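Note that my numbering has the sequence shown beginning at 184, numbered continuously upward. The C-beta atom is built at its ideal place from N, Cα and C for all residues, glycine as well. Since we're looking at a predicted model, the values are computed, not measured.
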Amino acid sequence: MNLKALIRPAIRSIKPYSSARDEFHGRNDDGLVFLDANENPFQNNLNRYPDPQQVLLKEKLALLKKISKNHILLGNGSDEVLDLIIRTFCEPNQDAVLTLTPTYGMYSVLAQLNAVKIQSVPLTSDFQMDEERVLSAVQDNTKVIFICSPNNPSGNLIHPKSIQRVLKTFNGVVVIDEAYIDFSSSKSWLSRLYEFPNLIVIQTLSKAYGLAGIRLGICYASEEIIAVLNSIKPPYNVNVLTQNAALEAISNRKNITHQIDTIVTEREKLIEKLQQISVVKTIFPSHSNFILCRVDDANKRYSELIGKGIIVRNRHGQPLCDNCLRITVGTPEENLKLMEALQQL
Ligand SMILES: *Cc1c(COP(=O)(O)O)cnc(C)c1O
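Listed below in structure tokens is the structure:
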């Protein structure tokens with residue numbers, strides 16, 4: 184893969200905005216008088232712009248993930264990171280991204296927003312990637328392949344062998360979205376970053392870390408890719424409140440680990456109990472914090488559940504998801520309510 188050639192010419196030649204805090208950032212700011220960013224000087228803990236490079240947070244993450252901080256880019260949710268990737272590699276009205284359907288809806292929304300074509304290749308009936316089909320669908324203008332593993336909405340892991348084949352063969356960038364990796368027994372692709380210069384791994388604090396509200400997406404890639412994404416990101420894209428909350432969560436991981444264990448245990452219990460519900464026809468294997476199941480009539484059961492105060496996601500109408508509902512694993516109490524409601528249908 185020739186990275187230089189993959190990057191859009193307009194991005195290659197961009198001169199990044201240099202913020203006040205980029206031009207001067209003291210490690211120890213004590214005693215310094217900052218008159219460079221037109222901020223309000225009166226302290227309220229939020230009167231200063233955030234660190235544009237989120238150094239403290241990246242150092243913590245780097246330690247946790249055993250990787251250099253130069254391999255990390257942070258965004259306002261994964262959605263911002265995904266958008267930056269598309270804008271870096273795909274020329275509007277010319278290039279294309281490839282997605283494996285059914286999958287997370289934002290890949291195609293962001294592609295459309297950037298006037299980038301979408302090539303969708305369906306997953307197999309057991310929601311696996313047919314890598315032959317993917318590789319033969321690739322054209323000269325295919326720049327990015329999005330692989331969501333564990334996949335949303337199916338919940339399963341995509342076989343590592345198929346992913347590896349695509350990583351080795353495809354001449355563009357392969358994005359592996361690991362939003363749900365903490366609920367899986369499988370290893371993150373992060374450990375193989377050094378093997379594949381075209382690999383980008385995306386994670387988030389929105390799911391396992393219980394911080395969907397702060398919007399923090401994490402991108403891991405080669406130093407070269409990170410440097411390019413960095414040059415086009417909005418300067419202050421991760422705000423002070425988010426950086427502080429993320430630092431706190433990463434420093435106190437005990438609680439999170441316990442919650443993840445509970446969710447995984449509850450998931451397995453739910454799968455067992457769902458098998459005894461007559462309207463449930465198929466339960467798909469899950470490596471995530473949700474379960475996809477096929478019911479007799481998804482639209483009907485979805486409305487009935489709303490009537491009982493329980494909101495699930497109706498995925499009927501998505502490819503391969505006829506009559507499927509996606510159910511997030513809740514607290515033990517919430518899951519009991521769900522089961523009671525399902526038994527009454
Ligand atoms: C929920 C989810 C995300 C998270 O997006 P954020 O913008 O980080 O909240 C990313 N990818 C997939 C597949 C998801 O389901």
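Any heavy atom of ligand 1 closer than 8 Å to the beta-carbon of residue i?
i	result
M289	yes
K390	yes
C331	yes
D360	yes
S261	yes
H363	Note that residue 363 corresponds to Tyr in the displayed sequence, not to His. Indeed, a heavy atom of ligand 1 lies less than 8 Å from the Cβ.
T425	no
T387	yes
T286	yes
L399	yes
N420	no
N339	no
Hey, residue i and residue j are a contact pair by Cβ (cut 8 Å); roughly how many whole angstroms apart?
i	j	result
N518	L453	6 Å
V304	A320	5 Å
E361	Q386	5 Å
I341	Q311	6 Å
L306	T282	With 8 Å as the limit, L306 and T282 do not qualify as a contact, their Cβ atoms being about 10 Å apart.
C476	P336	Their Cβ separation, rounded to whole angstroms, is 11 Å, which puts C476 and P336 out of contact at 8 Å.
I255	I409	7 Å
Expressed to the nearest angstrom, what Euclidean distance is found between the alpha-carbon atoms of residue i and residue j?
i	j	result
A203	Y485	52 Å
S368	S261	22 Å
V349	V495	34 Å
F272	L186	9 Å
S196	E263	21 Å
Q442	A391	8 Å
K491	L521	9 Å
N227	I446	38 Å
K437	P275	45 Å
K464	E431	43 Å
L293	D365	25 Å
V478	S389	28 Å
Y200	K456	55 Å
R316	G355	16 Å
Q458	R450	13 Å
I415	C331	24 Å
L265	V423	22 Å
K351	N253	23 Å
By the DSSP assignment, the alpha helix (DSSP H) with residue i in it spans what residues?
i	result
P305	P305 -> not in any alpha helix (DSSP H); beta strand (DSSP E) instead, spanning K300 to P305.
D205	A203 to E206
D444	R436 to L457
K483	A481 to G490
R348	P343 to T352
In the DSSP assignment, find the unbroken beta strand (DSSP E) run with residue i in it and report its ends.
i	result
L257	I255 to G258
I385	L382 to T387
K249	That residue, K249, is in no beta strand (DSSP E); it is neither H nor E in DSSP.
K464	V463 to I466
R477	F473 to V478
How about residue i and residue j: do their beta carbons lie closer than 9 Å?
i	j	result
Q237	L257	yes
P235	P418	yes
I359	V384	yes
K393	I439	In the sequence on display, residue 393 carries Gly and not Lys. Taking 9 Å as the Cβ cut-off, G393 and I439 qualify as a contacting pair.
S345	L382	no
N339	F467	yes
If we define contact as Cβ-Cβ less than 9 Å, is residue i a contact residue for chain C?
i	result
A395	Structure shown: chain C not included; a single protein chain is present.
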